[in-house]
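Participant: Numbering (my numbering), first residue to last: 54 to 417. Note that beta-carbon positions come from the ideal geometry of N, C-alpha and C, so glycine has one too.
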Amino acid sequence: MGGCKNFIGTLVCTAILCGAGVVAYLYGPWNKDDGGSEETPTTTTALTAKSSACESCCNGLESNCDLPINQVTWAMVHNAMSSQDDSFYAANNDLSLEKALVEGYRGLMLDSCLCDGDNIIDVLQDYVTGNDEDNTEEKYLGFCHGTCAAGSRNPTTVLNHIKAFLDINPNEVLIIEFEVGDGTLELLYQAINDSGLEKYVLRYEEENDGTISTWPTFQQLISANRRLILFAHNGGMASCETQTCPEGIFYTFDHFSQTNWNDGNTCVLRGSDTKVPDEHGFFLMNHWKNDENLDLPSKTNAEEFNTYDFLSTRFGKCKERMPNIVAVDFWNVGDVLKFVEDENKKIGGGDAAVAESRNGSIRH
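1. Which term fits residue 118, buried or exposed, when burial requires 16 or more other beta carbons within 10 angstroms of its beta carbon?
2. Look at the alpha carbon of residue 195 and the alpha carbon of residue 163, and state the distance between them as a whole number of angstroms.
3. Taking the alpha-carbon positions, what's the residue 93 to residue 151 distance?
4. Can you confirm whether the region 297-305 touches the region 350-364 when touching is taken to mean that 3 or more C-beta pairs between the two stretches lie within less than 8 Å?
5. Which residue from 204, 54, 192, 190 puts its Cα closest to that of residue 130?
6. Go through the region 209-248 residue by residue and report every complete run of the alpha helix (DSSP H) that reaches 4 residues or more, in order.
7. Quick one: is the Cβ of residue 279 within less than 6 Å of any heavy atom of the ligand MN?
8. Using a 10 Å radius around the Cβ and a threshold of 16 neighbouring Cβ atoms, would you call residue 79 buried or exposed?
9. Nearest to residue 381 by alpha carbon, out of 370, 214, 314?
10. From residue 155 to residue 134, what distance separates their C-alpha atoms?
11. With a floor of 4 residues, list each alpha helix (DSSP H) that falls wholly inside the region 336-407, ordered by position along the chain.
12. Over the uninterrupted beta strand (DSSP E) stretch that includes residue 194, give me the two end residues.
13. Taking the C-alpha atoms as reference points, what is the distance between residue 368 and residue 339?
14. Could you tell me whether the Cβ atoms of residue 337 and residue 157 are closer together than 7 Å?
15. Whole-angstrom Cβ separation of residue 244 and residue 208, contact assumed at under 8 Å?
16. Using DSSP with H/G/I as helix, E/B as strand and the rest coil, what is residue 112?
17. Is there contact here, the region 100-111 with the region 364-378, by at least three beta-carbon pairs under 8 Å?
18. Which value, in whole angstroms, describes the spacing of the CA atoms of residue 472 and residue 233?
19. Count Cβ pairs between the region 236-256 and the region 392-399 that sit closer than 8 Å; are there 3 or more?
20. Whole angstroms is fine: what's the gap from residue 224's alpha carbon to residue 275's?
21. Grab me the residues of residue 375's own chain with a C-beta within less than 7 Å of its C-beta, minus the 5 sequence neighbours each way, in chain order.
22. Just grab the DSSP bridge partners of residue 302 for me.
23. Which of the three DSSP states is assigned to residue 167 in this structure?
24. Tell me, which residues are paired with residue 54 by DSSP?
25. Can you name the start and end residues of the alpha helix (DSSP H) that residue 277 belongs to?
26. Would you mind working out which of 169, 137, 229 sits nearest residue 201, comparing C-alpha positions?
27. Take the Cβ of residue 89 as the centre, count every other Cβ of all protein chains shown within 10 Å, and call the residue buried at 16 or more, exposed below.
28. Hey, quick one: how far does the alpha helix (DSSP H) through residue 130 stretch, first residue to last?
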């Protein structure tokens, strides 16, 4: 959810430092990901969640089932489309988002972009020559971070894989948070509908003006088979209280407060957020930090941030409310899933008021 303000400039400067793009050329993506052979297969084995062995569990724990979805802790992958697996340059993750779902992550952050076929060498040449003219090739939707030249994934492929995951794993509930690139909102909405995910998407009741004040429990969503919650910001999205949002997509900041980017030590809120959200909202902890010199994703920092002790210490600094979404880079590093599981076990066996099942109407 952000962090790409200086990404393109940093990427270009890094490419220059790496021998005028030679290293970038050898190790970068160069493909516009039009559904090529590198994509993760959608076999049942490949997308079966490790938690699926427990048929009475909801997102891996029986104790989650009667809890409202905003009263548990979610493990989320920051810039989930960006991985070494998928040939991204300066990737946020080693492994693909599909593998993250299998392992137990139930939140994904995805950025939508308009791609034009340029690669990092094209961007480097434009930067050096001062060419700021747009590529005249037809633009297409991609999931990228900052620029498709650094890597992109085909939304059709990604969304089809997410649908396959939900098809195969009927007791799993997912959250996706989209950072919508300029000019991509309609294309993104169409791609979601074309994928068949629509049947899983949670919708608000019309009388609620595009927001939800009381979130359903995991079991309610599973019983109704509305197991996908979509949030989005930027790119034409604004509060659903003041404009008509695309059906089934909530405006992120109607429901989320978040900590600062690149802050691994505090619970200080970002931007215009002035208070920790109450029990009706989501509190997102941005638990990642870029390299201080290059402002690019840092696996070294993730190796520290994603440890059990580091997560526990930071959670302990959040006195008003515990975060209930933890977004990380290099998701396969450290103890994030174990930490989140233990937090949810505490919640499920703790305060009865927190664990109380909320009644909520769900439109089938």
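Facilitator: Let me lay it out:
1. Along the sequence shown, read from residue 1 onward, the residue named residue 118 stands at position 65. Flag for residue 118 reads buried.
2. Within the sequence shown, the letter at position 142 stands for residue 195. Within the sequence shown, the letter at position 110 stands for residue 163. Straight-line Cα distance between these residues: approximately 10 Å.
3. As a working note, residue 93 is residue 40 in the sequence shown. As a working note, residue 151 is residue 98 in the sequence shown. The predicted position of residue 93 is uncertain, since its pLDDT is 49 and thus under 50; a value taken from the coordinates is nonetheless stated next. Their Cα atoms are separated by approximately 7 Å.
4. no
5. Counted from its first residue, the sequence shown places residue 130 at position 77. Closest by alpha carbon: 54.
6. 238-248
7. Here there are no bound small molecules, and the ligand MN is not part of this structure.
8. Within the sequence shown, residue 79 is the residue found at index 26, counting from 1. Any reading at residue 79 must be qualified, since the residue scores a pLDDT of 36, below 50, and its modelled position is unreliable; the value itself is stated next. Exposed.
9. Here residue 381 corresponds to residue number 328 of the sequence shown, with the count starting at 1. Residue 314 is the option with its Cα nearest to residue 381.
10. Walking along the sequence shown from the start, residue 155 turns up at place 102. Walking along the sequence shown from the start, residue 134 turns up at place 81. The straight-line gap from Cα to Cα measures roughly 15 Å.
11. 352-358, 361-369, 389-401
12. For the purposes of this step, residue 194 is taken as residue 141 along the sequence shown, with counting starting at 1. Its beta strand (DSSP E) spans residues 193-198.
13. Locating residue 368 in the sequence shown gives position 315, where the first residue counts as 1. Locating residue 339 in the sequence shown gives position 286, where the first residue counts as 1. Rounded to whole angstroms, residue 368 to residue 339 spans 12 Å at the Cα level.
14. Sequence index remark: in the sequence shown, residue 337 carries index 284 (1-based). Sequence index remark: in the sequence shown, residue 157 carries index 104 (1-based). Their beta carbons are not under 7 Å apart, which means residue 337 does not touch residue 157 by this criterion.
15. Counting from one through the sequence shown, the residue named residue 244 turns up at place 191. Counting from one through the sequence shown, the residue named residue 208 turns up at place 155. Right, the Cβ-Cβ distance comes to about 4 Å (below 8 Å), so this counts as a contact.
16. Counting from 1 along the sequence shown, the entry for residue 112 is found at position 59. Coil, per DSSP.
17. no
18. Absent from the model: residue 472. The displayed extent of the chain is 54 to 417, so no value can be given.
19. no
20. Within the sequence shown, the letter at position 171 stands for residue 224. Within the sequence shown, the letter at position 222 stands for residue 275. So the two alpha carbons sit approximately 6 Å from each other.
21. Within the sequence shown, residue 375 is the residue found at index 322, counting from 1. Around residue 375: 368.
22. Counting from 1 along the sequence shown, the entry for residue 302 is found at position 249. Looking at the DSSP assignment, residue 302 forms a beta bridge with 283.
23. Position 114 of the sequence shown, counted from the first residue, corresponds to residue 167. Note: residue 167 maps to strand in three-state DSSP.
24. Taking the sequence shown and counting its residues from 1, one reaches residue 54 at position 1. The partner list for residue 54 (beta bridge, DSSP) is empty, contrary to what the question assumes.
25. Within the sequence shown, numbered from 1, the residue matching residue 277 stands at position 224. Where residue 277 is concerned, the enclosing alpha helix (DSSP H) stretches over 271-277.
26. Within the sequence shown, the letter at position 148 stands for residue 201. Comparing Cα-Cα distances from residue 201 to each of 169, 137, 229, the minimum goes to 169.
27. Position 36 of the sequence shown, counted from the first residue, corresponds to residue 89. Confidence is the limiting factor: at residue 89 the pLDDT is only 36, short of 50, which leaves the residue's position unreliable, though a coordinate-based value still follows. Result: exposed.
28. The residue you call residue 130 lines up with position 77 of the sequence shown. Careful: residue 130 lies outside any alpha helix (DSSP H), inside the beta strand (DSSP E) at 127-130.
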